[in-house]
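Visitor: Mind looking over this structure? Questions follow.
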Amino acid sequence: MLKKHLKLLLVFALILSSGLAQAQNRSRLDVMRAGKLFDGFEFVEAAKIYERLVARDSSFSYAKLQLAESYRLMNQPEKAALWYAEVVNDSISDPIHKLYYAQALMSNGQYDRARSWLERYNYEADDSTRARNLIAGIDNFEAFYQDSARFKIDTAAFNSEGSDFSPVYYREGVVFSSNRSGFKIVKRRHGWDDTNFLQIYHYKPTSDSTSTVDLFSDLLNTKYHEGPLSFYDDFEKVIFTRNNYNGKRVGKAEDETIHLQLYLSERASVNSKWSKPQPFPYNNKEYSVGHPAISSDEKTLYFSSDMPGGQGGVDLYMSQLENGNWSEPVNLGPKINTSGDEVFPFVKDSVLFFSSDGHYGVGGLDIYQVVLTDSTETVYNMGIPMNSRKDDFGIILGDSLKSGYFTSNRDGGMGSDDIYSFSIVKPPKPENIAIKGIVVDQRSGAPLGNADVFLSTDEGDSIKITTQADGNFEFVLDWDKDYDFTATKPDWSVGLDSAKTFDDVLDKEFLTIPLRELLVVKGDLVTPAGTPVDNALVTFTETTTGEVDSVRTNENGLLYFIAQPDAEYDVFLQKEGYFNFRTKVETGSEPGGIIKFDLEMDEIVIGRAIRIENIYFDLNKSDIRPDAAIELDKIVAMMTDNPTIKIELGSHTDSRGGDPYNLALSDRRARSSAAYIVSRGIAQDRIVGKGYGETQLVNQCEDGVACSTEEHQANRRTEFKVVSY
14 MLKKHLKLLL
24 VFALILSSGL
34 AQAQNRSRLD
44 VMRAGKLFDG
54 FEFVEAAKIY
64 ERLVARDSSF
74 SYAKLQLAES
84 YRLMNQPEKA
94 ALWYAEVVND
104 SISDPIHKLY
114 YAQALMSNGQ
124 YDRARSWLER
134 YNYEADDSTR
144 ARNLIAGIDN
154 FEAFYQDSAR
164 FKIDTAAFNS
174 EGSDFSPVYY
184 REGVVFSSNR
194 SGFKIVKRRH
204 GWDDTNFLQI
214 YHYKPTSDST
224 STVDLFSDLL
234 NTKYHEGPLS
244 FYDDFEKVIF
254 TRNNYNGKRV
264 GKAEDETIHL
274 QLYLSERASV
284 NSKWSKPQPF
294 PYNNKEYSVG
304 HPAISSDEKT
314 LYFSSDMPGG
324 QGGVDLYMSQ
334 LENGNWSEPV
344 NLGPKINTSG
354 DEVFPFVKDS
364 VLFFSSDGHY
374 GVGGLDIYQV
384 VLTDSTETVY
394 NMGIPMNSRK
404 DDFGIILGDS
414 LKSGYFTSNR
424 DGGMGSDDIY
434 SFSIVKPPKP
444 ENIAIKGIVV
454 DQRSGAPLGN
464 ADVFLSTDEG
474 DSIKITTQAD
484 GNFEFVLDWD
494 KDYDFTATKP
504 DWSVGLDSAK
514 TFDDVLDKEF
524 LTIPLRELLV
534 VKGDLVTPAG
544 TPVDNALVTF
554 TETTTGEVDS
564 VRTNENGLLY
574 FIAQPDAEYD
584 VFLQKEGYFN
594 FRTKVETGSE
604 PGGIIKFDLE
614 MDEIVIGRAI
624 RIENIYFDLN
634 KSDIRPDAAI
644 ELDKIVAMMT
654 DNPTIKIELG
664 SHTDSRGGDP
674 YNLALSDRRA
684 RSSAAYIVSR
694 GIAQDRIVGK
704 GYGETQLVNQ
714 CEDGVACSTE
724 EHQANRRTEF
734 KVVSY
């Protein structure tokens, strides 16, 4: 019986071992299969496999992270947040996943939780400007409602249950991109999110209040994605976005990705066919180039690209039309582009509209505007209701600048992305308007309390407010004025900003004024008695570059100099009636902080004796020893720095020895010391050496008085006194 049970147990163990091995092999194969799908942007199918893997093993963190990433890329923030919450604290995640988690929470309206994760990302990430912008948006969320009454928004009549986005005006209608069903050309589905490929459609309203939506052009539409476009030259030329496909084959990058590219087409008249699309000359199969927008004068093309060398993920670029050719693209720079994504540009007159998830905002992609002719290139968030906690993008305006369209995947729409119409209305104008802001540390983004913020106008009016610990401030403004804001704080740089109130509009919802902590050499300049030395000229010379800067002490003797890190400075102090002198100061590697630099400056008094320490001579000798030369060189330096001073160098002995002998010895020593100083380049008429022997004792140790060695030593000294200057 025992053998029977042992045999059964052995067979069971073998079966169990075989089953586990098969399960492990199956899991490995599923991980590889899901990874291949994920890398091929087949996120829907990849997510299904990762879901099965987690169902088998609830501790499989890698599969959970891939689920979070898949749902983020499919733009499903609710599911993405669910899975990020499972793994964001695990070692498998990176700091960037904290940012993605926070963005998903913002899209879900969970701003408090999002803020805490943004703070953690801000602490861990090398470049945390993006997080600081999002934190500023959360902390000042009410500012996004400031202009909400100015916009009237409606759902466009031509939306579908699919994704409809990026409209542009075309003659009497609208052309837009959509993955809607029901059209013969779009039977294929895209593995990214299991939807139809995007095509270009034309919405044309009719006089009898009906309308039609048709494919725009069989020639421009293909079996792959066609997306945002821009017309110019009276609608007879178009530049549009398409997968890298020339009608016969797709162009793949080295990693097998099919990127977006720009193509150009034209036609002779409204009844002619569009020409075969030609690639934009700066397309590249290794990165995407898309989302075109032509300027009002039709001379500048704006577009989005993730080409190397940008500020972050996707940046905005511009290209000029010169002699019929497009110039090499230029990045719009760090004031407009961020480490996030800047996409879907539209330009009207001199105002550039675009969407971004890197500037301060409500959540997801927000719509922003910037006046291109303004040298400050200040970016403004268009606020609620134009923006929501989801993605808002693809804005256009009509010629009147009072109405237009934009796209959003906000709640309440018909499909995944919907096109909305908007019009700008004039709400009742209040007597005045409030503007809020915050003063922050430029490096960390932390709020700065006790900063003074000055509000000034062209009329010369000025108001000061001191920020509390949270760094916030608020001013009440009048209409139709220009305002300048200046923020200051001791030992910090000056911060500047401006705002305008015109045409019932405040051009900025919120001010964020960054200050940079300065590296300051700071100290008190006093006399040996502690009296402040005011108005002294202090010159700092950087020893490596030779750059020279000067400051003066204030009425309290305060010395204040803004230095550079990792530098050494020669410092020269000068004041009439005082001994000029030199010293050095070194700064460390920290870019900000206080370097304490207290100094003494002695007043020149004619005839006052100043003792020179440690001038020693050999017994009965007057030769200058090396140790004495070191001290005499200090006199040389002092006279070099004070070129008008003339001095007497006096040598003194103690009372031991005969008076005539002591007098003669001290005179030889004084003259020898003076001769040494002359030999070091000091003019002979500026110094005289004189021996005093024992005639000017500093204590009671005269002849016949018993004194200690130390008391006699006090009388053996060398002194100098200024005789004129």
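The sequence shown begins at 14 in the working numbering and counts up by one.
Where a beta carbon is used, it is the ideal one built from N, C-alpha and C, also for glycine.
It should be emphasised that the depicted structure is a prediction, and the values quoted were computed from it without experimental measurement.
#1: Indicate the three-state DSSP secondary structure (helix, strand or coil) for Ala482 in the structure shown.
#2: Within 10 angstroms of its Cβ, does Val187 collect 16 or more other Cβ (buried), or is it exposed?
#3: Could you pull the start and end residues of the beta strand (DSSP E) that Thr499 belongs to?
#4: For Ala641, count neighbouring C-beta atoms within 10 Å of its own C-beta (all shown protein chains included) and say buried if the count is 16 or more, exposed if not.
#5: Short of 7 Å in beta carbon distance, which residues of its chain neighbour Arg730, apart from the five on each side in sequence? Order them along the chain.
#6: For Asp167 versus Ser434, is the C-beta distance shorter than 8 Å?
#7: So, helix, strand or coil for Asn567, using DSSP?
#8: Between Ser288, Lys286, Arg682, Leu277, which has its C-alpha nearest His304's C-alpha?
#9: Give me the Cβ distance between Phe498 and Leu490, rounded to the nearest whole Å; I'm assuming they're in contact under 8 Å.
#10: Beta strand (DSSP E) containing Arg595: first to last residue?
#11: For Lys513, which of helix, strand or coil comes out of DSSP?
#12: Hey, quick one: how far does the alpha helix (DSSP H) through Glu64 stretch, first residue to last?
#13: Classify Met614: buried if its beta carbon has 16 or more other beta carbons within 10 angstroms, exposed otherwise.
#14: Using C-beta distances below 8 Å, list every residue in its chain close to Thr722, excluding the 5 sequence neighbours before and after it, in chain order.
#15: Three or more beta-carbon pairs under 8 Å between the segment 366 to 379 and the segment 398 to 408, yes or no?
#16: So Gln382 packs on Leu410, CB below 8 Å; how close in whole Å?
#17: Can you give me the start and stop residues for the alpha helix (DSSP H) that Ala719 sits inside?
#18: When DSSP builds the beta bridges, which residues end up paired with Glu616?
#19: Buried or exposed for Glu707, going by 16 or more other Cβ atoms inside 10 Å?
#20: Could I get the ranges of all uninterrupted beta strand (DSSP E) runs contained in the segment 667 to 721, with 3 residues as the minimum, in chain order?
#21: In the DSSP assignment, find the alpha helix (DSSP H) that holds Ile109 and state where it starts and stops.
#22: What residues in its chain sit with their C-beta under 7 Å from that of Glu91, if we drop five residues either side in the sequence?
#23: Grouping DSSP H, G and I as helix and E and B as strand, with all else coil, what is Met331?
#24: Nearest CA to the CA of Gly353: which residue from Asp319, Ile700, Asp646, Lys289?
#25: On the three-state DSSP scale, how would you describe Tyr245?
#26: Helix, strand or coil for Leu228 per DSSP?
#27: Would Phe467 be called buried (16 or more neighbouring beta carbons within 10 Å of its own) or exposed?
#28: Taking the C-alpha atoms as reference points, what is the distance between Asp454 and Lys217?
#29: Less than 8 Å between the beta carbons of Leu612 and Thr596, yes or no?
#30: Going by DSSP, what residue range makes up the beta strand (DSSP E) through Glu661?
#31: Quick one: residues in its chain with C-beta nearer than 6 Å to the C-beta of Ser469, no 5 flanking neighbours on either side, listed in chain order?
#32: Look at Ile700 and Ala687 and say whether their C-beta atoms are less than 8 Å apart.
#33: For the alpha helix (DSSP H) containing Tyr134, name the first residue and the last one.
#34: From the DSSP output, in three-state form, read off Arg184 for me.
#35: Output the boundary residues of the alpha helix (DSSP H) element that contains Gly337.
#36: Do you know how far the Cα of Asp387 is from the Cα of Ile323?
Guide: Well, looking at it:
#1: coil
#2: buried
#3: 494 to 501
#4: buried
#5: Arg624, His665
#6: yes
#7: coil
#8: Leu277
#9: Actually they do not touch by this definition, with Cβ atoms about 11 Å apart.
#10: 594 to 599
#11: strand
#12: 56 to 69
#13: buried
#14: none
#15: yes
#16: Gln382 to Leu410, Cβ: 10 Å. No contact.
#17: Note, Ala719: premise wrong, no alpha helix (DSSP H); not H, not E.
#18: Tyr591
#19: buried
#20: 700 to 706
#21: 108 to 120
#22: Asn121
#23: strand
#24: Asp319
#25: strand
#26: strand
#27: exposed
#28: 52 Å
#29: yes
#30: 659 to 665
#31: Ser475, Asp497
#32: yes
#33: 124 to 137
#34: coil
#35: From DSSP, Gly337 is part of no alpha helix (DSSP H); its letter is neither H nor E.
#36: Looking at the sequence shown, residue 323 is not Ile but Gly. Near 22 Å, if we compare the C-alpha coordinates of Asp387 and Gly323.
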